[in-house]
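The structure appears right after this line, and notes come after that.
There are 2 protein chains.
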Amino acid sequence: MLYYGMMDKPIALSIFESLSSATRLDVFRLLVKKGPEGMVAGEIGAALEVPPTNLSFHLKALTHAGLVSVAQEGRYQRYRANMALMVDLIAYLTAECCAGHPEQCAGMAEAGACLDAVCGPARAMQ
Amino acid sequence: MLYYGMMDKPIALSIFESLSSATRLDVFRLLVKKGPEGMVAGEIGAALEVPPTNLSFHLKALTHAGLVSVAQEGRYQRYRANMALMVDLIAYLTAECCAGHPEQCAGMAEAGACLDAVCGPARAMQ
DNA sequence: TCCATAATACAACATTTATTGAATTATTGA
DNA sequence: TCAATAATTCAATAAATGTTGTATTATGGA
Numbered sequence: 012m013l014y015y016g017m018m019d020k021p022i023a024l025s026i027f028e029s030l031s032s033a034t035r036l037d038v039f040r041l042l043v044k045k046g047p048e049g050m051v052a053g054e055i056g057a058a059l060e061v062p063p064t065n066l067s068f069h070l071k072a073l074t075h076a077g078l079v080s081v082a083q084e085g086r087y088q089r090y091r092a093n094m095a096l097m098v099d100l101i102a103y104l105t106a107e108c109c110a111g112h113p114e115q116c117a118g119m120a121e122a123g124a125c126l127d128a129v130c131g132p133a134r135a136m137q
Numbered sequence: 012m013l014y015y016g017m018m019d020k021p022i023a024l025s026i027f028e029s030l031s032s033a034t035r036l037d038v039f040r041l042l043v044k045k046g047p048e049g050m051v052a053g054e055i056g057a058a059l060e061v062p063p064t065n066l067s068f069h070l071k072a073l074t075h076a077g078l079v080s081v082a083q084e085g086r087y088q089r090y091r092a093n094m095a096l097m098v099d100l101i102a103y104l105t106a107e108c109c110a111g112h113p114e115q116c117a118g119m120a121e122a123g124a125c126l127d128a129v130c131g132p133a134r135a136m137q
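Written out as structure tokens, the structure is:
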């Protein structure tokens, strides 16, 4: 079940900050691609050719924002993407869309907008 | 109709960079709230208490990323949010989820993930 | 135990981004 | 036309981020 309401401005900001670096966006997309299996830090570094020190810096930012989770496996650290947070984020951005009159959203930009466009009318707040 | 495929890494990056500033996130959310009506620059600056010079700097970044559109009205510049781009962005992030086996996504993080979780199975690529 | 490996923490430096004030462009109304 | 307003551009400064090398912590295997 999706729970819209966990998100607030500081969290949204830290998510956007986290994904605003090319390195971190690469890391997150790689982990999304890997799915539940995840990857240990060394594998990520090798795949993206990022030096260990620098990778630690970026993984810390992603972890702090909640975009990735980390689990210790012996001397390895396994990282996994948290896609659910992205879903919450979009819900947050669209929550007050058109001042509560989302039927107006048809007129916004090139395509439909608001939560209807994301999930369909029946799925909002589901 | 949503068209998944307009998004690429540089565009995704510029969107995240755009929304990684508190001022720009405030501006974008305010414009989403306003809907198709939009707001002129001066109104935005007054509402958020951002000096004109600084606001121009941030509006330029949002416009360049495609998150807002701008239309001239006499000596005013009217800005509107482009929600559709956010929908595309999520589709981009989830496109290669779980290496093409999105049924694995149930195991990711706290909630469902991938496009199914965003739009429901029937809506993917619709 | 001892050495090699995985990963992170810290500090110095380099780079990028944000903010401010002054000047510029363009439009409206008297 | 001329003064006032809306908004931007530009240049200088301030602040935040990213990167690198060295040192540290902790685990696993010989």
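So the protein lines, in turn, are chains H and C. Numbering of the first sequence is given in my numbering, commencing with residue 12 and proceeding in unit increments. Numbering of the second sequence is given in my numbering, commencing with residue 12 and proceeding in unit increments. Quick reminder that beta carbons are idealized off the backbone N, C-alpha and C, glycines included. Remember, it's a predicted structure, so these values are computed and weren't measured experimentally.
In chain order, what residues of the same chain lie with their CB nearer than 6 Å to the CB of residue i, ignoring the 5 residues before and after it?
i: residue 22 of chain C; result: none
i: residue 111 of chain C; result: none
i: residue 82 of chain C; result: 89
i: residue 132 of chain C; result: At residue 132 of chain C, the pLDDT of 44 sits below 50, so the modelled position is not reliable and the matter cannot be decided from this model.
Can you give me the Cβ contacts of residue i inside the same chain, cut-off strictly under 7 Å, excluding the 5 residues immediately before and after it?
i: residue 96 of chain C; result: 26, 77 and 78
i: residue 35 of chain C; result: 29, 69, 72 and 73
i: residue 63 of chain C; result: 56
Nearest chain C C-beta to residue i closer than 7 Å, yes or no?
i: residue 22 of chain H; result: no
i: residue 70 of chain H; result: no
i: residue 41 of chain H; result: no
Note down, in chain order, every chain C residue with its Cβ under 7 Å from the Cβ of residue i.
i: residue 88 of chain H; result: Within chain C, no residue comes near residue 88 of chain H; the closest Cβ sits about 17 Å away, beyond 7 Å.
i: residue 28 of chain H; result: 31
i: residue 97 of chain H; result: 101 and 104
At 8 Å on the CB atoms, spell out the chain C contacts of residue i, in chain order.
i: residue 44 of chain H; result: 107, 108, 109 and 110
With a threshold of 7 Å between beta-carbons, can residue i be considered close to chain H, or not?
i: residue 55 of chain C; result: no
Please report the Cβ distance between residue i and residue j, rounded to the nearest whole angstrom; I am assuming they are in contact, meaning their Cβ atoms lie under 8 Å.
i: residue 51 of chain H; j: residue 28 of chain H; result: 25 Å between Cβ atoms; not a contact.
i: residue 38 of chain H; j: residue 94 of chain H; result: About 14 Å separates the two Cβ atoms, so there is no contact after all.
i: residue 24 of chain H; j: residue 33 of chain C; result: 6 Å
Quick one: which chain H residues come within Cβ less than 8 Å of residue i?
i: residue 83 of chain C; result: Neighbours of residue 83 of chain C on chain H: none; closest Cβ ~17 Å, over 8 Å.
i: residue 138 of chain C; result: As shown, chain C starts at 12 and ends at 137. That puts residue 138 of chain C outside it, with no answer to give.
i: residue 50 of chain C; result: Result: empty, since nearest Cβ-Cβ is about 12 Å, beyond 8 Å.
Residues bridged to residue i by DSSP?
i: residue 92 of chain C; result: C/79
i: residue 50 of chain C; result: C/90
i: residue 84 of chain H; result: H/87
Using a Cβ-Cβ cut-off of 8 Å (strictly less than) and excluding sequence neighbours within five positions of residue i, which residues of its own chain qualify?
i: residue 1 of chain C; result: Any property of residue 1 of chain C remains undetermined from this structure, which presents chain C solely from 12 to 137.
i: residue 67 of chain C; result: 52
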